[in-house]
Structure formats: C-alpha cells, structure tokens
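Worksheet: the structure to be examined is printed underneath.
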Amino acid sequence: MSQTTDPPVRWTTTDLELLPESSNRYEIIDGELLVTRAPHWEHQKAITNTAAELRNWSYATHLGETVATPGVIFTDADNVIPDVVWISKERLTYSLDEAGHLTIAPELIVEVLSPGIDNERRDRETKLKLYTSRGVQDYWILDWRLKQVEVYRRQAGLLQLVCTLFPGDHLTSPVLPGFTCDVERLFL
Numbered sequence: 803m804s805q806t807t808d809p810p811v812r813w814t815t816t817d818l819e820l821l822p823e824s825s826n827r828y829e830i831i832d833g834e835l836l837v838t839r840a841p842h843w844e845h846q847k848a849i850t851n852t853a854a855e856l857r858n859w860s861y862a863t864h865l866g867e868t869v870a871t872p873g874v875i876f877t878d879a880d881n882v883i884p885d886v887v888w889i890s891k892e893r894l895t896y897s898l899d900e901a902g903h904l905t906i907a908p909e910l911i912v913e914v915l916s917p918g919i920d921n922e923r924r925d926r927e928t929k930l931k932l933y934t935s936r937g938v939q940d941y942w943i944l945d946w947r948l949k950q951v952e953v954y955r956r957q958a959g960l961l962q963l964v965c966t967l968f969p970g971d972h973l974t975s976p977v978l979p980g981f982t983c984d985v986e987r988l989f990l
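Just so we're aligned: the sequence shown equals residues 803 to 990 in our numbering.
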C-alpha cells in the first residue's frame with residue numbers, strides 16, 4: 803500500500819490579511835507561517851533601547867531612519883517583522899509599498915531573542931539565511947538574558963558572525979559612520 807504525501811501548505815501575504823486581529827505576530831518565511839506571542843518585558847525594553855540609540859544617531863547624522871517592528875515584505879512568501887531596522891534615506895526613497903511596508907532589505911536588522919529552541923533557531927538560522935539572501939549588510943542578534951550582542955556582517959556575500967559583545971564593549975558598524983554605543987545601554 804502506498805502513502806500519498808500532500809504538498810506542504812504555502813502561506814502568502816494575502817493569507818495573513820485574512821487572519822483575525824490578534825496579539826500574535828505572524829511572519830512568513832519561504833511560505834511557512836511563523837507565529838509568535840507578545841514578548842517578555844525585557845525583550846521589549848531591549849527593542850526600545852536599541853531603537854532609541856539608533857534613532858538618536860540618525861537624528862544627529864540625518865543619514866537614515868530607525869523603526870521598531872516594521873513590516874518587511876520581500877515577496878509574497880517572505881515577509882517578516884524584525885524587532886528593529888535602520889535604513890538609509892537614499893534606500894528608503896524607493897523601498898516602501900503603498901501600505902507603507904518595506905519591500906527591500908534595510909542595511910541593518912536587529913532581532914532580540916525570545917526564549918525557546920525554536921525561537922532561537924528562527925533568528926540564528928532561518929532569518930539569518932533570509933537576511934543574507936536579501937542583502938542585509940549588518941544583522942545584530944541581542945540576547946537580553948545574557949546581555950550580549952552577536953554581530954553578523956556581510957563578508958564575501960554572506961552574513962557572518964564577526965564578534966559577540968557584552969556590557970563594557972562598544973557596538974559600532976561600518977554601515978553607521980560614527981555610531982558607537984556601550985552594549986550595556988541596550989539592556990538598561
């Protein structure tokens with residue numbers, strides 16, 4: 803007796819629009835639906851602090867904009883809600899769709915880890931591959947429990963881990979000329 807295997811369900815942006823309003827956050831990567839719940843208070847503080855540091859630098863330099871939890875719709879089967887993004891003003895001029903979602907990669911994406919193996923795998927593997935394929939230049943993964951920042955930087959076409967920083971270390975980026983921040987400030 804032979805078994806038949808149904809093809810996997812492939813989710814699209816249109817499918818998301820049909821879901822009822824919820825406090826859950828829905829993302830799609832390669833047609834797979836990913837659902838997360840409202841994050842921990844410390845997770846949200848790390849988002850707010852990171853966005854504030856980047857926003858303050860952006861205001862001072864006028865080089866770009868920072869937004870927390872924006873919609874980024876790369877394709878109908880790949881759309882995500884990163885915790886924080888920074889995008890240059892030049893790139894922003896041609897990156898928004900009619901609904902106000904980014905349709906191309908910002909230069910910098912920040913994700914704050916949520917507890918759980920699946921959540922960590924999503925940020926460290928699935929999203930890393932997606933952001934690499936879409937041209938993100940810097941990808942920071944913050945772990946509020948360990949108070950550390952993993953910095954991935956585009957090298958030879960791939961986002962590669964270049965350093966892990968802790969309180970007392972200073973976070974910088976070639977994407978953000980003159981930006982510097984003590985890692986501790988992201989976790990206050």
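Cβ atoms here follow ideal geometry from the backbone N, Cα and C, with glycine treated the same way.
Complete alpha helix (DSSP H) runs within the segment 906-959 (minimum length 4 residues, chain order) = 919-923, 929-936
Which ranges does the beta strand (DSSP E) cover as unbroken runs of at least 3 residues, wholly within the segment 845-882, from first to last along the chain?
-> 866-870, 874-877, 880-882
Taking 8 Å as the threshold, find out whether the segment 807-815 comes into contact with the segment 827-834 through three or more Cβ pairs.
-> Proximity of the segment 807-815 to the segment 827-834 meets the contact definition, three or more beta-carbon pairs being nearer than 8 Å.
Helix, strand or coil at residue 827 [DSSP, three-state] = Residue numbering aside, residue 827 sits at position 25 when the sequence shown is read from its first letter. DSSP places residue 827 in strand when its eight states are reduced to three.
May I have the straight-line CA-CA distance separating residue 982 from residue 989, to the nearest angstrom?
-> On the sequence shown, residue 982 is found 180 positions in, with the first residue counted as 1. On the sequence shown, residue 989 is found 187 positions in, with the first residue counted as 1. Residue 982 and residue 989: Cα-Cα distance of roughly 15 Å.
Relative to the C-alpha of residue 937, which residue among 919, 853, 924, 958 is closest?
-> Counted from its first residue, the sequence shown places residue 937 at position 135. For the residues 919, 853, 924, 958, the minimum Cα distance to residue 937 belongs to 958.
Going by the C-beta, is residue 947 closer than 8 Å to any heavy atom of the ligand NAD?
-> Ligands in the displayed structure: none, and consequently the ligand NAD is not present.
Three-state secondary structure (DSSP) at residue 984?
-> For the purposes of this step, residue 984 is taken as residue 182 along the sequence shown, with counting starting at 1. Three-state result, residue 984: strand.
Are the CB atoms of residue 875 and residue 912 nearer to each other than 9 Å?
-> Numbered from its first residue, the sequence shown carries residue 875 at position 73. Numbered from its first residue, the sequence shown carries residue 912 at position 110. Cβ atoms of residue 875 and residue 912: not closer than 9 Å.
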